[in-house]
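Asker: Have a look at the structure that comes next, please.
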Amino acid sequence: MAVEITAGAVIKLSQQRQAQWYWKSNPTRRLKNEKEEWIQFSDIESEIIEEALNGNHNIKLIELDDYWIDLNHSIQINEKAAEALVDILKSNKTITTLQLTSNQLYDKGAEVLGNALKVNTTLTTLNLRDNGISVNGTDALGDALKANQTLTNLNLAYNRISHEGAEVIANALKVNHTLTTLNLGVNQISDKGAEALADALKFNLTLITLDLHRNLITEKGAQALADGLKANKTLHILNLRYNKISDPGAEILAEALKVNQTLNTIYLKSNTISDKGAHALSDMLKVNQTLTSLHLEDNQIYDKGAQALADTLKSNQTLITLDLHRNQISDKGAEAFGDALIVNQTLNTLHLYMNQISDKAVEALSYKLKVHQASTTVTLRDDEIFAKEAEAFADAFRHDPTITSVHRADDAMLDFGIEALGQALGVRQTPTLPNSTSDRISDIRGDVLADKLQAHEIVTTLNLQHNQISDEGAQAVADTLKVNQTLTTLSLQNNQIYNKGAKTLALALKVNQTLTTLDLENNQISNAGAEALADALEVNQTLTILNLGCNSISEKGADVLADALKVNTFLTSLDLGHNEISDKGAQSIADTLKVNQILTTLILSNNEISDKGAKALAIALKVNQNLTTLDLQNNKISHKVTEAFGDALKVNQTLTTLNLATNEISTKGAEIIGKALKVNQTLITLDLSSNNILDKGVEALSDTLKVNQTLTTLGVWYNGISEKGAEALAEALKVNKTLTTLDLTLNKISDKRVEAIATTLKINKVLTTLGLSSNQISEKGGKALADAIKVNETLTTLDLKCNKISDKGAEVLADALKVNKTLTTLNLIASKIYDKGAEAIADTLKINQTLTTLHLAGNQISDKGAEALADALKINETLTALDLGENQITEKGIGALSDAVKFHQPVTTLCLLQNQISVKEAEVLANTLQVHETLTTLTLKDNQIFEKGAEALADALKVNQTLNTLCLWYNEISDKGAEAIADALKVNQTLTALDLSENQISDKGAQALADALKVNKTLANLNLEFLQISDKGTEAIADALKVNQSLTVLELKWNQISDKGAEAFSDTLKMNKTLTNLNLAYNNISEKGAEVLADALKVNRTLTTLHLEGNQIFDQGAVALANALKVNQTITSLNLANNSMLDYEIEVLADGLKFNHSLTTLHLNGNRISDKGAVALADALKVNGTLTTLYLFWNQISDKGAHAFADALKVNQTLTILNLDGNKISKEEEEALVDVLEARGRNVTLR
């Protein structure tokens, strides 16, 4: 009889002496449940099976508690089973791989496995990922590694390993001679653990791969790892993703890689690295000859950083993969890479998706790819790519025979890209749609607020920044400005205001007679909006400050604003930073400066201005007699134009602040400006940071400081300044009588030259702020500065972060502070300070009466140091800010600090997200909440407080009378914890916002919260996303909302709600009069659920936003919603994206839009709409007079549909955003649509 054995089957061995085998077609990976039905083989069959297994060397079977398990597959066991497994490992001679991912081994299981490893001689791979292993478990495994002679791969990711566990593993690595791969990702090893592992790298001779991603490692840990890399000769791969190493850390690692000759792959994703870090890494690549893969995705790299990396690619001959997706790179950076790829012959993978690159730049880049013969993989942007971009890439693929594959990033390539690339290479994929929600101020709330302000007689300042106000909300605010007679300051920063909104505000400015400050920074205003505001400036007689930074204004917009300023005699401050005005725009503004007699502040940072535009501005400064501040940082200004600025500074008598940071001034430029300042008598602030001026440039500026009598602030950080430059500055400060602020951050000063600066501080009588962070200063330099502080009587701020001050340096600084009576701020972040140093500082705080701000984050302070500081706080009466983030403080320390906080009541916001807070720490914080009288916001997002921590906080909420916002997102809170919080809500009278999303809450917890909502009268915002709530829990919440009168926002996205739950909400919406925002996205609601919700919308008069995306709504569900839109007069935003809707459903929705008078935003993206549906919607737009935003991306609309929209927009006067991305519209039809809009003077944003 032939019997086939499948690897991975779970097979039972009976207690009989002779083997008896059982089998099941779909075996689980767990131990067999006795209640399951298994097929029993006969005795003869069992013998055949056993013989077959004995002869099959691909199956590794062992017996655990009468169960035979194949170890080639991941198995699930507990501590007890682990003990049985250990006995086998001690004697087994064949098992080489053991996969124990996601079990419940904890420390006890790890300990018994560790004992087995000491004697086992065959195991090479051990996977213990996600097993709750902490200190004791790692102790046992560390001891095992010292003795084991075979293990090569150890995975300890997703455990609870702290720096103590990392230290144990590190000590083992110093003697272990077999381990090649170590994964410690997603633990809590922090900098201290990284330092221990780094030290091990100096001795270890076998480790090839080290994974430390998401471990709270900062630049301090990076420094240690860099030192380790300089000595290590074997490591090939280092993973530091999702840490906090930032630019200084990147710079330090870059220096190490100039020396290291083995590392070929480094992952630095999501580490807050900006252009500075990118510059350092690019310099490294010019020297390094081993690195083949560099991952810098999800950082803050802009064009300057991209250009530096691109320039390096022209000479680098080893890098194969460069990942820069999800940064801030725009066309300029893409162009640089295009130029580099023509020369580079080795790079074959470049990821640039999810940046700010336009379709025009992609076309240019794709053209260059035609002549580039090395690329084998090209990644397209996944979220904003246009049809012509896909076509351009497809064209490049046709012409480049070396491109062999297309990588579709994040499963989100659009339909048109699929089609174009499909024609070129035969690639076809399926798009997906990301979605996000917010509960900030929307247009409807802004409208209500504006209405109230029209008659208000007291309010002078209105701050509406960081909300969701679009053009409609701006219209409401503008109407208010026309009648309000008290408002002087209005901030609409960080909203969604486009040109239409800007135009309405401009009209209001023509009649308003009180507003003096208008902030529109970071909106979507382009030239048309700028033109309207410019027109208003010609008549307005009150506005003095206008902020248009971070918009989309180009040279045309700058030109009209410049013309307006020739007439306007009231505006004193204009911010156009982070726009696109370029040289032409700068020249227009320069012409205005020659005649304008009122403007005092002009900000033009980040505007692509080069020498031509800068020279025009410099010439204007010769005649202008009123400008006091000019900000040109982060442009393209070289030393060639500094002569013009130098000449201007010699004659200009009004400019007090000049910012030229992050340009290309160099040594020569610094020398020219230095000479000019010997004559100039007005400039008080000069920033030349990040300009590569080097020692010679600083020496020139130092000579100036000896004679200049006006400069008070000098910024020269990140300029390559070393010994000579520091000495020159020190000598100059001995005689200078005016400079109060000097920033020398990120240079190369070191201890010896700090001693010179310290000597100067004993003499200098004016300097108040000194920045020396990231300068390789050790305890020796710290001692020199401490001696100076004892004598100095003017310094108020000293920044020494990211140096090597250590405990000894901290001790001498602390002693100095016992005498010093002027220093108010001391920054010692990441300074290698332990408890001893903290204790010394604590003693000082008991005596010192001037220090108000102390930064000690990123050190190695544990509970002992925290307790000492806490004791000091009970006595100290002046310290107002204490930063202890990212240290080693646990329950005991937090308890002491919490007690101390009771004595310091002014704090109102406490954010402790991702801080290793567990149950005990949460309990301590809860005790503090019970007595604290000012805290209003507490954020504990992404910790592990579990149900007991939630219970403790709940008890505090019953007493606390100030907290209004509590965030407990992702904290392993179960139903029991939710029940405790619910009980507290029945009593609490202040909490208005509660976030419990991404916990372990099911229907039981939802029911408890529902009971609370029946009596609670204050909670307005409740977030229950990503939970396990089904219809039962939903029904309870819906029932509660029939009586609740406070909740306005309810988030239930990504739960398990079906039609039954939708029916419950339908009944509620017919009665509830407060809920304005309901999110039911990505549940299991079908057309039946949509029908009952639609019935409710016919009656409801309060709901303004309804999210139903990602459900299964089509056919009759869509018909019902369409009919509801004909009646409902309050809903303003409806999201039906990703619902597989066809043209038929869209046609009935379009019919509903003809009658609706309230809907402003409609999401229909990600459906199956073709031209027929598009034509129906276009016809509706001819009649509809309220819709402002229509999302139709990722559908199947072609030229016919686009043409219909073009015709409709000739009539429609309200639509401002039409998103047609990812359809099948040709370049010609797209241009025709744009032409129609321009001819009609319409301002519609097409995407």
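First residue of the sequence shown? That's 3 in the working numbering, and the numbers climb one at a time after it.
The C-beta atom is built at its ideal place from N, Cα and C for all residues, glycine as well.
If you compare alpha carbons, which of ALA646, ALA902 and ILE171 is closest to SER136?
Answerer: Nearest of ALA646, ALA902 and ILE171 to SER136, Cα basis: ILE171.
Asker: Rounded to a whole number of angstroms, what is the C-alpha to C-alpha distance between LEU595 and LYS558?
Answerer: Rounded to whole angstroms, LEU595 to LYS558 spans 17 angstroms at the Cα level.
Asker: What first and last residue would you give for the beta strand (DSSP E) that runs through GLY579?
Answerer: Segment: none, GLY579 is in no beta strand (DSSP E) and carries neither H nor E.
Asker: Would you check if the distance between the CB atom of GLY579 and the CB atom of SER607 is smaller than 7 angstroms?
Answerer: The answer is yes: Cβ separation under 7 angstroms.
Asker: Determine the direct distance from the alpha carbon of GLN1030 to that of PHE948, and round the result to whole angstroms.
Answerer: Cα-Cα distance, rounded: 16 angstroms.
Asker: Use the C-beta contact count for ALA883: other C-beta atoms within 10 angstroms, 16 or more gives buried, fewer gives exposed.
Answerer: Counting Cβ neighbours within 10 Å, ALA883 comes out exposed, since fewer than 16 surround it.
Asker: Could you pull the DSSP bridge partners for HIS297 from this structure?
Answerer: Bridge partners of HIS297: TYR269 and ASP325.
Asker: In the DSSP assignment, the alpha helix (DSSP H) including THR1070 goes from what residue to what residue?
Answerer: First-last of the alpha helix (DSSP H) with THR1070: 1061-1071.
Asker: Between which two residues does the beta strand (DSSP E) containing ALA995 stretch?
Answerer: Run containing ALA995: 995-997, per the beta strand (DSSP E) assignment.
Asker: From the DSSP output, in three-state form, read off GLU795 for me.
Answerer: GLU795: coil per DSSP, three-state reduction.
Asker: So what's SER440 in DSSP terms, helix, strand or just coil?
Answerer: Because the pLDDT at SER440 is just 32, under 50, the model does not fix this residue reliably, and the value given afterwards should be weighed accordingly. Coil at SER440, not helix or strand.
Asker: What would DSSP say about GLU1053, mapped onto helix, strand or coil?
Answerer: It is a strand residue.
Asker: Report back the beta-carbon spacing between ASP333 and ILE303 to the nearest angstrom; my notes put them in contact at under 8 angstroms.
Answerer: Not confirmed; about 15 angstroms, so no contact.
Asker: Do ALA342 and LEU367 come within 7 angstroms of each other at the CB atom, strictly closer than that value?
Answerer: Going by C-beta atoms, LEU367 is not nearer than 7 angstroms to ALA342.
Asker: Across which residues does DSSP place GLU666 in a beta bridge pair?
Answerer: In the DSSP output, where bridge partners are listed per residue, GLU666 has SER640.
Asker: Give every residue of the same chain whose Cβ lies closer than 7 angstroms to the Cβ of ASN529, excluding the five residues on either side of it in the sequence, and list them in chain order.
Answerer: Taken in chain order, the residues that qualify are ILE555, SER556, LYS558 and GLY559.
Asker: If you follow the alpha helix (DSSP H) that SER752 is part of, which residue opens it and which one closes it?
Answerer: It spans 752-763 - the alpha helix (DSSP H) in which SER752 sits, taken as one unbroken run.
Asker: So, using beta-carbon positions, are THR294 and ASN266 closer together than 7 angstroms?
Answerer: Cβ atoms of THR294 and ASN266: closer than 7 angstroms.
Asker: With a threshold of 16 other CB atoms inside 10 Å of the CB of HIS1109, please say whether the residue is buried or exposed.
Answerer: Label assigned to HIS1109: buried.
Asker: Is LYS120 helix, strand or coil when you go by DSSP?
Answerer: Here LYS120 sits in helix by DSSP.
Asker: Roughly how many angstroms lie between the CA atoms of HIS818 and LYS792, to the nearest whole one?
Answerer: In the sequence as displayed, the identity of residue 818 is Ala instead of His. If you take the alpha carbons of ALA818 and LYS792, they lie about 5 angstroms apart.
Asker: Are GLU1089 and ASP1069 touching if we call contact CB-CB under 7 angstroms?
Answerer: No, Cβ-Cβ distance for GLU1089 and ASP1069 is not below 7 angstroms.
Asker: Could you give the DSSP three-state label for ILE1256: helix, strand or coil?
Answerer: Since the displayed the chain opens at 3 and closes at 1249, residue 1256 lies outside it and no answer follows.
Asker: Would you call the segment 153-162 in contact with the segment 118-131, where contact means no fewer than 3 C-beta pairs closer than 8 angstroms?
Answerer: Segments in contact, yes.
Asker: Pick helix, strand or coil for GLN477, following the three-state DSSP scheme.
Answerer: In the structure shown, GLN477 sits in a helix (DSSP, three-state: H, G or I).
Asker: Report yes if the CB atom of SER999 is closer than 7 angstroms to the CB atom of PHE1028, and no otherwise.
Answerer: Yes, the Cβ-Cβ distance between SER999 and PHE1028 is below 7 angstroms.
Asker: If you measure between the beta carbons of HIS165 and LYS194, is that distance less than 7 angstroms?
Answerer: Yes, the Cβ-Cβ distance between HIS165 and LYS194 is below 7 angstroms.
Asker: Using three-state DSSP, classify TRP971 as helix, strand or coil.
Answerer: Coil at TRP971, not helix or strand.
Asker: Short check: CB of HIS297 to CB of ASP277, under 7 angstroms?
Answerer: Going by C-beta atoms, HIS297 is not nearer than 7 angstroms to ASP277.
Asker: If you draw a straight line from the alpha carbon of THR824 to that of THR798, how long is it in whole angstroms?
Answerer: THR824 and THR798: Cα-Cα distance of roughly 5 angstroms.
Asker: Cutting at 6 angstroms between CB atoms, please list the residues of its own chain near GLU1230, excluding the five before and the five after it.
Answerer: For GLU1230, where only same-chain residues beyond five positions count, there are no Cβ hits under 6 angstroms.
Asker: Taking 6 angstroms as the limit between beta carbons, can you name the residues of its chain near LYS950, skipping five residues before and five after?
Answerer: VAL921, listed in sequence order.
Asker: Who are the Cβ neighbours of LYS120 in its own chain at under 6 angstroms, not counting the five residues just before and after it?
Answerer: Cβ neighbours of LYS120 beyond the five flanking positions: ALA146 and ALA149.
Asker: Measure from the alpha carbon of VAL1177 to the alpha carbon of each residue in SER1160, SER1200 and THR1162, then state which is nearest.
Answerer: Among SER1160, SER1200 and THR1162, the Cα nearest to that of VAL1177 is on SER1200.
Asker: Expressed to the nearest angstrom, what Euclidean distance is found between the alpha-carbon atoms of ALA1083 and THR941?
Answerer: Those two C-alpha atoms are separated by around 25 angstroms.
Asker: Below 8 angstroms on the Cβ atoms is my guess for LEU181 versus THR154; work out the distance and round it to an integer in Å.
Answerer: Yes, LEU181 and THR154 are in contact; Cβ-Cβ is about 6 angstroms, under 8 angstroms.
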